[in-house]
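Visitor: Attaching a single structure in C-alpha cells format; questions to follow.
Residue numbers (the numbering used here), protein chains in the order written: chain V, 39 to 149; chain S, 7 to 117.
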C-alpha cells in the first residue's frame, strides 16, 4: 500500500512565500503530483515530478527527493486566489495506473 | 481545458432509491476513476478502469458499482442509497501521462 502525509493547514499573508511538504511511503514510485482544489470545485493539476529536483511553473514550484521520499510545493508571491486545498498524490508501482492522494493542506492567504 | 462532464451536479434522493451518476469524457482517455470526497476531506478512490470492459475497486470500500462499455462513458450506480452515501463524487480521466482531469463533481444527499 501507500500513504502520504502533509500538513492539514497553512496560513500566510499576501505576497509571502509558503512551502507545503509531503512525505510518502509506497511500494513503488512513479512520480509525485500536486493538485489544487478551491472550495466546492474540482481538483486541478498543478505539477508533476518524476525525477529529483525542482520544477518551476510561474509562481509555483515543486520539488522532489526520491531518496528521502519527500517533496514540496512552493508558492511564491501569494495572492488571495491561492486560498485553496492542495493535495499531493503518488502513482505507485503496485498499480501504476492508480493515483493516491494525500489528505490535503488547506492554505489560507490573509490580506 | 479538460472535457469531462458529470451529471447530475446536485441530487437529493430518498433512502433505498437507485441512482446512477453519469460521467463522460471526450478526450479518448483509457483510464477513468471515481473518487469520493466529503467536504474538506481527502479524496478516496472507489473505482477505476483501464479501458473498455475493465473495472476494479479502489482503496475505499464502496457499495456502488461501475461499468465501462464505451471508452467515453463511466457511470457509477448505487442500487440502494443510504444516508451514509451522502458525499461528493468526483469522476476523472487520464491517458498514459501523469495528469488526470476531474469533472465538476456530483453532490449526492440521501435523506
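All C-beta atoms in this analysis are idealised placements derived from N, C-alpha and C, irrespective of residue type, glycine included.
If you're wondering where the values come from, they're calculated on a predicted model, not measured in any experiment.
Taking 8 Å as the threshold (C-beta atoms), are residue 98 of chain S and residue 109 of chain S in contact?
Guide: Along the second chain, one-based indexing puts residue 109 of chain S at 103. Along the second chain, one-based indexing puts residue 98 of chain S at 92. In contact: residue 109 of chain S and residue 98 of chain S (Cβ atoms closer than 8 Å).
Visitor: Once DSSP output is grouped into helix, strand and coil, what is the label at residue 90 of chain S?
Guide: By one-based count along the second chain, residue 90 of chain S stands at place 84. Correct three-state label for residue 90 of chain S: helix.
Visitor: Can you list, in chain order, the stretches of the beta strand (DSSP E) that have 3 or more residues and sit fully within the region 80–123 of chain V?
Guide: Whole beta strand (DSSP E) segments, 3+ residues: 82–87, 91–95, 98–103, 108–113.
Visitor: Compute the distance between the beta-carbons of residue 25 of chain S and residue 17 of chain S, then report whether it is under 8 Å.
Guide: Translated into the one-based positions of the second chain, residue 25 of chain S becomes position 19. Translated into the one-based positions of the second chain, residue 17 of chain S becomes position 11. Yes.
Visitor: Straight-line CA distance for residue 114 of chain V to residue 72 of chain V?
Guide: Stepping through the first chain from its first residue, residue 114 of chain V is reached at position 76. Stepping through the first chain from its first residue, residue 72 of chain V is reached at position 34. Their Cα atoms are separated by approximately 15 Å.
Visitor: Give me the Cα-Cα distance between residue 122 of chain V and residue 50 of chain V, rounded to the nearest whole angstrom.
Guide: Here the question's residue 122 of chain V lines up with position 84 in the first chain. Here the question's residue 50 of chain V lines up with position 12 in the first chain. Looking at the two C-alpha atoms, the distance is approximately 12 Å.
Visitor: My understanding is that residue 93 of chain S touches residue 66 of chain S, with C-beta atoms under 8 Å, so please give their C-beta distance in whole angstroms.
Guide: Locating residue 93 of chain S in the second chain gives position 87, counting from the first residue. Locating residue 66 of chain S in the second chain gives position 60, counting from the first residue. Actually they do not touch by this definition, with Cβ atoms about 10 Å apart.
Visitor: Have a look at the DSSP bridge pairing and note the partners of residue 38 of chain S.
Guide: For the purposes of this step, residue 38 of chain S is identified with residue 32 of the second chain, where counting begins at 1. Beta-bridge pairing links residue 38 of chain S to S/55, S/99.
Visitor: Taking the Cβ atom as the reference point for each residue, do residue 111 of chain V and residue 124 of chain V lie within a distance shorter than 8 Å?
Guide: Your numbering for residue 111 of chain V matches position 73 in the first chain. Your numbering for residue 124 of chain V matches position 86 in the first chain. Cβ atoms of residue 111 of chain V and residue 124 of chain V: closer than 8 Å.
Visitor: Based on the DSSP output, what are the partners of residue 71 of chain V in its beta bridges?
Guide: Taking the first chain and counting its residues from 1, one reaches residue 71 of chain V at position 33. DSSP, once it has assigned bridges, lists V/86, V/127 as partnering residue 71 of chain V.
Visitor: Is it buried or exposed for residue 100 of chain V, if we count other Cβ within 10 angstroms and need 16 for buried?
Guide: As a working mapping, residue 100 of chain V is identified with position 62 in the first chain. It counts as buried.
Visitor: Assign residue 75 of chain S to one of three DSSP states: helix, strand, or coil.
Guide: Mapped onto the second chain, residue 75 of chain S falls at position 69. Coil, per DSSP.
Visitor: When you compare only the Cα positions, how much space is there between residue 40 of chain S and residue 85 of chain V?
Guide: Residue mapping note: residue 40 of chain S aligns to position 34 of the second chain, counting from 1. Residue mapping note: residue 85 of chain V aligns to position 47 of the first chain, counting from 1. About 21 Å.
Visitor: Quick one: residues in its chain with C-beta nearer than 8 Å to the C-beta of residue 77 of chain S, no 5 flanking neighbours on either side, listed in chain order?
Guide: Position 71 of the second chain holds residue 77 of chain S. So the list reads 34, 35, 36, 57, 58, once near-sequence residues are dropped.
Visitor: Compare the C-alpha of residue 120 of chain V against each of V/75, V/127, V/60 and name the closest.
Guide: On the first chain, position 82 is the one that residue 120 of chain V refers to. Measuring from the Cα of residue 120 of chain V, the nearest candidate turns out to be V/75.
Visitor: Provide the residue(s) that pair with residue 12 of chain S in DSSP beta bridges, ordered along the chain.
Guide: Position 6 of the second chain, counted from the first residue, corresponds to residue 12 of chain S. Answer by DSSP bridge pairing, in chain order: S/29.
Visitor: I need the DSSP call for residue 63 of chain S, collapsed to helix, strand or coil.
Guide: Here the question's residue 63 of chain S lines up with position 57 in the second chain. Of the three classes helix, strand and coil, the one that applies to residue 63 of chain S here is strand, per DSSP.
Visitor: Within 8 Å of any Cβ in chain S, is that where the Cβ of residue 81 of chain V sits?
Guide: Residue numbering aside, residue 81 of chain V sits at position 43 when the first chain is read from its first letter. Cβ-Cβ to chain S under 8 Å: yes for residue 81 of chain V.
Visitor: Return the residue from the list S/32, S/89, S/23, S/84 that minimises the CA-CA distance to residue 52 of chain S.
Guide: Locating residue 52 of chain S in the second chain gives position 46, where the first residue counts as 1. Answer by Cα proximity: S/84.
Visitor: Given this structure, state the Cα-to-Cα distance separating residue 66 of chain V from residue 105 of chain S, to the nearest angstrom.
Guide: In the first chain, residue 66 of chain V corresponds to position 28, counting from 1. In the second chain, residue 105 of chain S corresponds to position 99, counting from 1. In a straight line, the C-alpha of residue 66 of chain V is about 18 Å away from that of residue 105 of chain S.
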